[in-house]
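> Have a look at this one before I ask anything.
Residue numbers (our numbering): 569 to 1104.
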């Protein structure tokens, strides 16, 4: 019976496994006794099944009991005892209880370093788990430091493990396939961790995509299309497509993942709900806000029911719904939800958590678009101070973005001197951090030119607009909406100088280009507009 339950679990048939596992556990308690290692193993198996089904509270109760028994029977430093601690930490993480998760994860990491060594896969896994916990807590610097170390260790170990497994087990063995998946995940993480290195990102994410496709095909053959690991591989592939900006491909895979998870796991499983949120995010990105809204409303209701109203994922769903309403121009509803999100994050996470600060920036963005500039300014000032002094540092892209948004608020109020001071600093920082040809740097140049234009310094504005226009033609395309906008602004600058003939020539060209853009359905850049408030 135990073997059959294990087979069902391995096949991802958790419901059938669950039916057998309690019976196996009761038999072992009766025949072997409660403290026999096999009995304890059965308890851990049942907890793992509950965890797989998203029933984290039931899993936790059993893991606590398993941990006490293993400490007593096997000792505190036995690998199985440490493994149970890691499982318990994962259950706390799933419930959003990051403080308890952290305490256990730190202890697990220390024990694994001592017992298994620094380069053992389980030790590296513990490092990654602790980094994920720090990330959940908003301690991004500490998380990054660990992730960098994890990535280097995984590259070294995983490539070696993959080659050994191919040689010893064969290419189609599940363990070999898992190693390929782990390596692909490592490449994917490397792509995300160095946003400024565009070529490196493209190269690594392409490698990740190739490996993930291979992993997916192998898992389909070996495990079947409906196995949770196969579905997980599909979700990972969709995430890679999303990262690469291939939203159509990502959408197709996410839809397939969602249907499979509904069938295999149930509609209320956390992974199924996450798939719904992933699909909604794609629709949001594609400006299909009505479809995004419908899904986000359902996701929010499900997360309230399954995870609770104050779980970080539930709050994130509220923020995403607010962003969708904002995209639709329904600013009143967006404000109502955004205020609630901010209060919840202050209570649940902390005032200095990056997600809390992001909520403040989101609310300020809505106030800005409503013309409530004084309220927007007050929040942006606070956001900037928090990001600069407390959380990210002066040169972090999010800090620089906060400066740009504050400058835009001053610009709208006609406070051009303050606008200019910040805009000059933003431009210098973006040139240093992102490079001269990065779209955000070009955007900052255009903002500074607009400030000079507002001040009547048309010659300086003209010089910058000419440079902006050349860069946009090179980096974006001469028919890109941002390029066309820069042409229109340059024409306005010429008009301000009384150079009406040159202004009219450019205006006519702008008119023709805009007609062409509308006829062919060319859309704007992927860069979010000032005040974009989309959350994952």
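Ideal placement from N, C-alpha and C gives every residue a C-beta, glycine not left out.
Please list, in chain order, all residues of the same chain as residue 614 whose beta carbon is under 7 angstroms from its beta carbon, the five residues on each side excluded.
The residue you call residue 614 lines up with position 46 of the chain shown. If we look at residue 614 and ignore the five residues flanking it on each side, its Cβ neighbours are 589, 590, 593, 630.
> For residue 947 and residue 986, what's the separation of their Cα atoms in angstroms?
Start at 1 with the first residue of the chain shown, and residue 947 comes out as number 379. Start at 1 with the first residue of the chain shown, and residue 986 comes out as number 418. Distance between the alpha carbons of residue 947 and residue 986 is about 16 angstroms.
> In terms of alpha-carbon separation, which member of 966, 895, 1035 lies closest to residue 1001?
As a first step, residue 1001 is located in the chain shown; it is residue number 433 there, counting from the start. Taking only the C-alpha atoms, the option nearest residue 1001 is 966.
> Using 8 angstroms for Cβ pairs, my map puts residue 808 next to residue 780. What's the rounded Cβ distance?
For this step, residue 808 is matched to residue 240 along the chain shown. For this step, residue 780 is matched to residue 212 along the chain shown. About 6 angstroms; that satisfies the 8 angstroms criterion.
> Flag this pair as touching only if the region 691-706 and the region 916-924 have three or more C-beta atom pairs under 8 angstroms; answer yes or no.
Touching, yes.
> How is residue 597 classed by DSSP in three states: helix, strand or coil?
Taking the first residue of the chain shown as 1, we reach residue 597 at position 29. Helix, per DSSP.
> Please state whether the Cβ-Cβ distance between residue 714 and residue 695 is less than 8 angstroms.
On the chain shown, residue 714 is found 146 positions in, with the first residue counted as 1. On the chain shown, residue 695 is found 127 positions in, with the first residue counted as 1. Contact: yes.
> Does the separation of the CB atoms of residue 931 and residue 968 fall below 8 angstroms?
Here the question's residue 931 lines up with position 363 in the chain shown. Here the question's residue 968 lines up with position 400 in the chain shown. Not closer than 8 angstroms, so no.
> With DSSP run on the structure shown, which of helix, strand or coil describes residue 964?
Indexing the chain shown from 1 puts residue 964 at position 396. Three-state result, residue 964: coil.
> What's the C-alpha gap between residue 811 and residue 804?
Numbered from 1 along the chain shown, position 243 holds the residue referred to as residue 811. Numbered from 1 along the chain shown, position 236 holds the residue referred to as residue 804. Going from the Cα of residue 811 to the Cα of residue 804 covers about 11 angstroms.
> So the alpha helix (DSSP H) residue 913 belongs to, where does it begin and stop?
Walking along the chain shown from the start, residue 913 turns up at place 345. From DSSP, the alpha helix (DSSP H) with residue 913 extends over 899-916.
> Please list the terminal residues of the continuous alpha helix (DSSP H) segment that includes residue 995.
Reading the chain shown from its first residue, position 427 is the one you call residue 995. 984-1001 is the span of the alpha helix (DSSP H), which, as asked, contains residue 995.
> Closest to residue 892 by C-alpha separation, out of 652, 934, 1006, would be which residue?
In the chain shown, residue 892 corresponds to position 324, counting from 1. Out of 652, 934, 1006, 934 has the C-alpha closest to the C-alpha of residue 892.
> Can you name, in chain order, every residue of its own chain whose Cβ lies under 8 angstroms from the Cβ of residue 1034, other than the five neighbours on each side?
One-based indexing of the chain shown puts residue 1034 at position 466. Excluding sequence neighbours, residue 1034 sits near 1058.
> In angstroms, rounded to a whole number, what distance separates the CA positions of residue 1085 and residue 1076?
By 1-based counting over the chain shown, the position of residue 1085 is 517. By 1-based counting over the chain shown, the position of residue 1076 is 508. Rounded to whole angstroms, residue 1085 to residue 1076 spans 14 angstroms at the Cα level.
> Under three-state DSSP, which class holds residue 814?
Within the chain shown, residue 814 is the residue found at index 246, counting from 1. In the structure shown, residue 814 sits in coil (DSSP, three-state: anything other than H, G, I, E or B).
> Helix, strand or coil, according to DSSP, for residue 651 in the structure here?
Stepping through the chain shown from its first residue, residue 651 is reached at position 83. Looking at residue 651 - three-state DSSP - the assignment turns out to be helix.
> I'd like to know whether the C-beta atoms of residue 845 and residue 867 end up nearer to each other than 8 angstroms.
Within the chain shown, the letter at position 277 stands for residue 845. Within the chain shown, the letter at position 299 stands for residue 867. Cβ atoms of residue 845 and residue 867: closer than 8 angstroms.
> Give the single residue among 693, 658, 702 whose Cα lies nearest to the Cα of residue 721.
Counting from 1 along the chain shown, the entry for residue 721 is found at position 153. The candidate whose alpha carbon is nearest that of residue 721 is 693.
> From this set, 905, 1026, 684, 655, which residue's C-alpha is nearest residue 670's C-alpha?
What you label residue 670 is simply residue 102 of the chain shown in a count that begins at 1. Out of 905, 1026, 684, 655, 655 has the C-alpha closest to the C-alpha of residue 670.
> If the criterion is Cβ atoms closer than 8 angstroms, does the pair residue 920 and residue 960 meet it?
The residue given as residue 920 occupies position 352 in the chain shown. The residue given as residue 960 occupies position 392 in the chain shown. Not in contact: residue 920 and residue 960 (Cβ atoms no closer than 8 angstroms).
> List the whole-angstrom C-beta distance separating residue 603 from residue 637, where the pair is believed to meet the contact cut-off of C-beta under 8 angstroms.
Mapped onto the chain shown, residue 603 falls at position 35. Mapped onto the chain shown, residue 637 falls at position 69. That belief holds up - the Cβ atoms of residue 603 and residue 637 are roughly 6 angstroms apart, short of 8 angstroms.
> Starting from residue 853, trace the alpha helix (DSSP H) in both directions and tell me its first and last residue.
Against the chain shown, residue 853 aligns to sequence position 285. Run containing residue 853: 838-853, per the alpha helix (DSSP H) assignment.
> For residue 1084, which three-state DSSP category applies?
What you label residue 1084 is simply residue 516 of the chain shown in a count that begins at 1. In the structure shown, residue 1084 sits in a helix (DSSP, three-state: H, G or I).
> Can you have a look at residue 989 and say buried or exposed, based on whether 16 or more other CB atoms are within 10 angstroms of its CB?
By one-based count along the chain shown, residue 989 stands at place 421. Label assigned to residue 989: exposed.
> Could you give the residue range of the alpha helix (DSSP H) that holds residue 834?
The residue you call residue 834 lines up with position 266 of the chain shown. No alpha helix (DSSP H) contains residue 834, which DSSP labels as neither H nor E.
> Keeping to the same chain, check which residues put their C-beta closer than 8 angstroms to that of residue 828; ignore five residues upstream and five downstream.
Here residue 828 is taken as the residue at index 260 of the chain shown, counted from 1. If we look at residue 828 and ignore the five residues flanking it on each side, its Cβ neighbours are 793, 794, 799, 802.
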